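Novice: This is the structure I want to talk about, given as structure tokens.
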Amino acid sequence: MIIAFVVDVCDDETQDGLSLLDIVKDGIRNFLGYMNGTRDQYRTKYLLVSSDKKGYCIKWEYKKDENKLYKFFEQLELLQPDPSFYGSGLDSVFEYLNLRRICRWHDFFCRGNYIEHNETSCIFWFTDGKNLNWLNNGLMYLDSEKSTFGTNIYLEKYRWEQRLYSFYLSKSNSFDFPRQLDWINMKMLGQLYKVQTLEQIAHAFDNIIGGVKKNPYPLSKLNHTRPLKNTCGVHLNLVEQVDGSPERINHFVHIYVDPYKINGTYPIPEDYWIEPDAMKGFSPVVVYEHKRPSIPTIIFWKTDQLSEDTYDLPPHFSRDIYKLSDCDLSRELLKQKMGIKWPVYVEHSGRQSQGLGQPFGYLTAIKKDEYTMEACLVLLPYNYIE
13 MIIAFVVDVC
23 DDETQDGLSL
33 LDIVKDGIRN
43 FLGYMNGTRD
53 QYRTKYLLVS
63 SDKKGYCIKW
73 EYKKDENKLY
83 KFFEQLELLQ
93 PDPSFYGSGL
103 DSVFEYLNLR
113 RICRWHDFFC
123 RGNYIEHNET
133 SCIFWFTDGK
143 NLNWLNNGLM
153 YLDSEKSTFG
163 TNIYLEKYRW
173 EQRLYSFYLS
183 KSNSFDFPRQ
193 LDWINMKMLG
203 QLYKVQTLEQ
213 IAHAFDNIIG
223 GVKKNPYPLS
233 KLNHTRPLKN
243 TCGVHLNLVE
253 QVDGSPERIN
263 HFVHIYVDPY
273 KINGTYPIPE
283 DYWIEPDAMK
293 GFSPVVVYEH
303 KRPSIPTIIF
313 WKTDQLSEDT
323 YDLPPHFSRD
333 IYKLSDCDLS
343 RELLKQKMGI
353 KWPVYVEHSG
363 RQSQGLGQPF
373 GYLTAIKKDE
383 YTMEACLVLL
393 PYNYIE
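Per my numbering, the sequence shown starts with residue 13, numbered consecutively.
So, in structure tokens, the structure goes:
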């Protein structure tokens, strides 16, 4: 896991006599103190980022085999508010993580999206809410931006394995959040907190770590309540296809992936047909003409026509099984009769450009043990029914 701290605040003083920057620094120090007591302390990598001039935003980054946190704390103490380049820090993190994905072969263009070929990244963004106009263009790559590998291939700057935790530091007593913060929090399926004191930022971090059910933080907007350690994995948009109706219902879900295991075999198909020649190597023409959304959309069809034994593979044949996060869709699946299968598709993935393409798996409920059922996404080879 990578954790990036993006500090985008000025030096305004609070009622307690502390600056907003002091509150942020204290919150980061306490959080790292907790992380150093976990089993993942040596596997977690950190970034410290400010709103400095582009190219100078990253103040500290881990190095291979040298994740020495005392250097991180030194840079944290030296960090000064610089309100001149709002937004440059968050943009720099997106660029950094995108480059890392490419260098580590986490993107398989023309080969589909592999759920387990990812490294979860958590972005802790601290902002005072000033000058958020740079967010008016959203998180989309603009035609005017300097061309990089990511701008040519993806529609958005963020990725499906990234988690956003936004901290809004304001002296205002209003619970309202700036419109732009609401929007980015919804778009990235993140968590948004308003904090003004040391106690509040500690409470917010406690919720992120896992205390949200026992002691929920009141000034927050949460798109999920999973503890930090359970955020490994990816986001998906599961969309119900209703026969005879143009209406579609979106279900944004989280797929948990154990960071200590990589067993995935099958990808989620691309949303275009891949000719055999395109598989021989990287095809810029094909990729640039079909830019990816950051969060893939999977179409599913509710049906009771696929029984437990229909269109299945032999027991010894590998299948990728992923648990869905708790949501309306997963709870509905658990209420279905044993063995129900709802086939899944990626629109336009077939040889014909229109239509749903062919199924590549299904949604179902699987027995975990004698007392527990789990709603799962099962991935199989594309068009496995043939």
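By construction, the Cβ of each residue, glycine as well, lies at the ideal position given by its N, Cα and C atoms.
If you're wondering where the values come from, they're calculated on a predicted model, not measured in any experiment.
1) Which of helix, strand or coil does DSSP assign to isoleucine 267?
2) Can you tell me the Cβ-Cβ gap for serine 31 and aspartate 38, rounded? I've got them flagged as a contact below 8 Å.
3) So leucine 392 packs on tyrosine 278, CB below 8 Å; how close in whole Å?
4) Do the segment 117-134 and the segment 169-182 make contact, defined as three or more Cβ pairs closer than 8 Å?
5) Count the other CB atoms, across all protein chains shown, that sit within 10 Å of the CB of glycine 367; report buried if there are 16 or more and exposed otherwise.
6) Would you tell me roughly how many angstroms separate the C-alpha atoms of phenylalanine 106 and proline 326, rounded to the nearest one?
7) When the Cα atoms are used, what is the spatial distance from arginine 113 to aspartate 119?
8) Given this structure, state the Cα-to-Cα distance separating aspartate 140 from lysine 66, to the nearest angstrom.
9) Count the other C-beta atoms from every protein chain shown that fall within 10 angstroms of the C-beta of glutamate 282, then say buried if there are 16 or more, exposed otherwise.
10) My guess is that valine 356 and phenylalanine 312 are in contact by the Cβ rule of under 8 Å, so how many angstroms apart are they, rounded?
11) Cα-Cα, which of Gly245, Gly29, Leu144, Leu204 is closest to proline 228?
12) Who are the Cβ neighbours of arginine 123 in its own chain at under 7 Å, not counting the five residues just before and after it?
13) Could you say which of Phe138, Leu33, Asn110, Tyr58 lies nearest to leucine 90 if we only look at CA atoms?
14) Alpha helix (DSSP H) containing leucine 82: first to last residue?
15) Is DSSP giving isoleucine 7 helix, strand or coil here?
16) Following the continuous alpha helix (DSSP H) through leucine 144, name the residue where it begins and the one where it ends.
17) Among the residues of its own chain, which have a CB less than 6 Å from the CB of tryptophan 17, if the five just before and after it don't count?
18) Since tryptophan 195 is in the alpha helix (DSSP H), which residue starts that stretch and which ends it?
19) Since aspartate 20 sits in a beta bridge, which residues does DSSP pair it with?
20) Taking the Cβ atom as the reference point for each residue, do alanine 216 and asparagine 42 lie within a distance shorter than 8 Å?
21) In chain order, what residues of the same chain have a beta carbon less than 6 Å from the beta carbon of leucine 144, not counting five sequence neighbours either side?
22) Looking at the C-beta of isoleucine 15, does it have a partner C-beta in chain D at a distance below 8 Å?
23) DSSP three-state label for glycine 369, please.
24) Is the CB-CB distance between isoleucine 196 and leucine 151 below 8 Å?
25) I'd like the span of the alpha helix (DSSP H) that includes methionine 385, first residue to last.
26) Which residues does DSSP pair with serine 62 in a beta bridge?
27) Below 6 Å CB to CB, which residues in the same chain sit around arginine 260 once its five sequence neighbours on both sides are set aside?
28) Take isoleucine 397 as the anchor and find which of Ile14, Tyr68, Arg343, Tyr374 has the nearest alpha-carbon.
29) Is phenylalanine 187 helix, strand or coil when you go by DSSP?
30) On the DSSP letters alone, give me the boundaries of the alpha helix (DSSP H) that phenylalanine 217 sits inside.
31) Could you give the C-beta distance for threonine 309 and isoleucine 35, rounded to a whole number, given that I count them as a contact under 8 Å?
32) If I'm right that cysteine 388 touches isoleucine 307 with Cβ under 8 Å, what's the distance once you round it to whole angstroms?
33) Alpha carbon to alpha carbon, what distance is there between glycine 369 and histidine 360?
34) Buried or exposed for proline 305, going by 16 or more other Cβ atoms inside 10 Å?
Specialist: With the given structure in hand:
1) Counting from one through the sequence shown, the residue named residue 267 turns up at place 255. The answer is strand: DSSP assigns isoleucine 267 an E or B state.
2) Within the sequence shown, the letter at position 19 stands for residue 31. Within the sequence shown, the letter at position 26 stands for residue 38. 11 Å between Cβ atoms; not a contact.
3) If you number the sequence shown from 1, residue 392 lands on position 380. If you number the sequence shown from 1, residue 278 lands on position 266. Yes, they are in contact, since the Cβ atoms of leucine 392 and tyrosine 278 sit about 6 Å apart, within 8 Å.
4) yes
5) Counting from one through the sequence shown, the residue named residue 367 turns up at place 355. Exposed: under 16 other Cβ atoms inside 10 Å.
6) Along the sequence shown, one-based indexing puts residue 106 at 94. Along the sequence shown, one-based indexing puts residue 326 at 314. When rounded, the distance between both Cα atoms is 42 Å.
7) On the sequence shown, position 101 is the one that residue 113 refers to. On the sequence shown, position 107 is the one that residue 119 refers to. Spanning the two alpha carbons is a distance of roughly 7 Å.
8) Taking the sequence shown and counting its residues from 1, the one referred to as residue 140 is at position 128. Taking the sequence shown and counting its residues from 1, the one referred to as residue 66 is at position 54. Whole-angstrom Cα-Cα distance: 19 Å.
9) Working through the sequence shown from its first residue, we reach residue 282 at position 270. Burial call: buried.
10) Position 344 of the sequence shown, counted from the first residue, corresponds to residue 356. Position 300 of the sequence shown, counted from the first residue, corresponds to residue 312. Confirmed, about 5 Å.
11) Start at 1 with the first residue of the sequence shown, and residue 228 comes out as number 216. The shortest C-alpha separation from proline 228 is found at Leu204.
12) Looking up residue 123 in the sequence shown gives position 111. Cβ within range, chain order: Pro279.
13) Along the sequence shown, one-based indexing puts residue 90 at 78. Of the candidates Phe138, Leu33, Asn110, Tyr58, the one whose C-alpha sits nearest the C-alpha of leucine 90 is Leu33.
14) The sequence position of residue 82 within the sequence shown is 70, counting from 1. Checking the displayed sequence, the identity of residue 82 turns out to be tyrosine instead of leucine. 81-90 is the span of the alpha helix (DSSP H), which, as asked, contains tyrosine 82.
15) With the chain running from 13 to 398 in the structure shown, residue 7 is simply not present.
16) Counting from one through the sequence shown, the residue named residue 144 turns up at place 132. Element bounds for leucine 144: n/a, residue is neither H nor E.
17) To locate residue 17, count along the sequence shown from 1; it is residue 5. With the sequence shown as reference, residue 17 is identified as phenylalanine, and tryptophan is not the correct amino acid for it. For phenylalanine 17, where only same-chain residues beyond five positions count, the Cβ hits under 6 Å are Ile40, Leu60, Phe136.
18) Within the sequence shown, residue 195 is the residue found at index 183, counting from 1. Run containing tryptophan 195: 191-199, per the alpha helix (DSSP H) assignment.
19) One-based indexing of the sequence shown puts residue 20 at position 8. In DSSP, aspartate 20 forms a bridge with Thr139.
20) Locating residue 216 in the sequence shown gives position 204, counting from the first residue. Locating residue 42 in the sequence shown gives position 30, counting from the first residue. Not closer than 8 Å, so no.
21) As a first step, residue 144 must be located in the sequence shown, where it is residue number 132. Cβ neighbours of leucine 144 beyond the five flanking positions: Pro190, Gln192.
22) The structure shown contains no chain D, having only a single protein chain.
23) Working through the sequence shown from its first residue, we reach residue 369 at position 357. Correct three-state label for glycine 369: coil.
24) Position 184 of the sequence shown, counted from the start, is the residue given in the question as residue 196. Position 139 of the sequence shown, counted from the start, is the residue given in the question as residue 151. For isoleucine 196 and leucine 151, yes; Cβs fall inside 8 Å.
25) Numbered from 1 along the sequence shown, position 373 holds the residue referred to as residue 385. Careful: methionine 385 lies outside any alpha helix (DSSP H), inside the beta strand (DSSP E) at 385-391.
26) Within the sequence shown, residue 62 is the residue found at index 50, counting from 1. In the DSSP output, where bridge partners are listed per residue, serine 62 has Val19.
27) Start at 1 with the first residue of the sequence shown, and residue 260 comes out as number 248. Around arginine 260: Val251.
28) Along the sequence shown, read from residue 1 onward, the residue named residue 397 stands at position 385. Of the candidates Ile14, Tyr68, Arg343, Tyr374, the one whose C-alpha sits nearest the C-alpha of isoleucine 397 is Tyr374.
29) Mapped onto the sequence shown, residue 187 falls at position 175. It is coil, neither helix nor strand.
30) Residue mapping note: residue 217 aligns to position 205 of the sequence shown, counting from 1. Counting along the chain, the alpha helix (DSSP H) containing phenylalanine 217 begins and ends at 210-218.
31) Residue numbering aside, residue 309 sits at position 297 when the sequence shown is read from its first letter. Residue numbering aside, residue 35 sits at position 23 when the sequence shown is read from its first letter. Going by Cβ atoms, the distance from threonine 309 to isoleucine 35 rounds to 39 Å, so no, they are not a contact pair.
32) Taking the sequence shown and counting its residues from 1, one reaches residue 388 at position 376. Taking the sequence shown and counting its residues from 1, one reaches residue 307 at position 295. Not quite, the Cβ-Cβ distance comes to about 19 Å (not below 8 Å), so this is no contact.
33) Within the sequence shown, numbered from 1, the residue matching residue 360 stands at position 348. Within the sequence shown, numbered from 1, the residue matching residue 369 stands at position 357. For histidine 360 and glycine 369, the distance between alpha carbons rounds to 6 Å.
34) As a first step, residue 305 is located in the sequence shown; it is residue number 293 there, counting from the start. With fewer than 16 Cβ atoms within 10 Å of its Cβ, proline 305 is classed as exposed.
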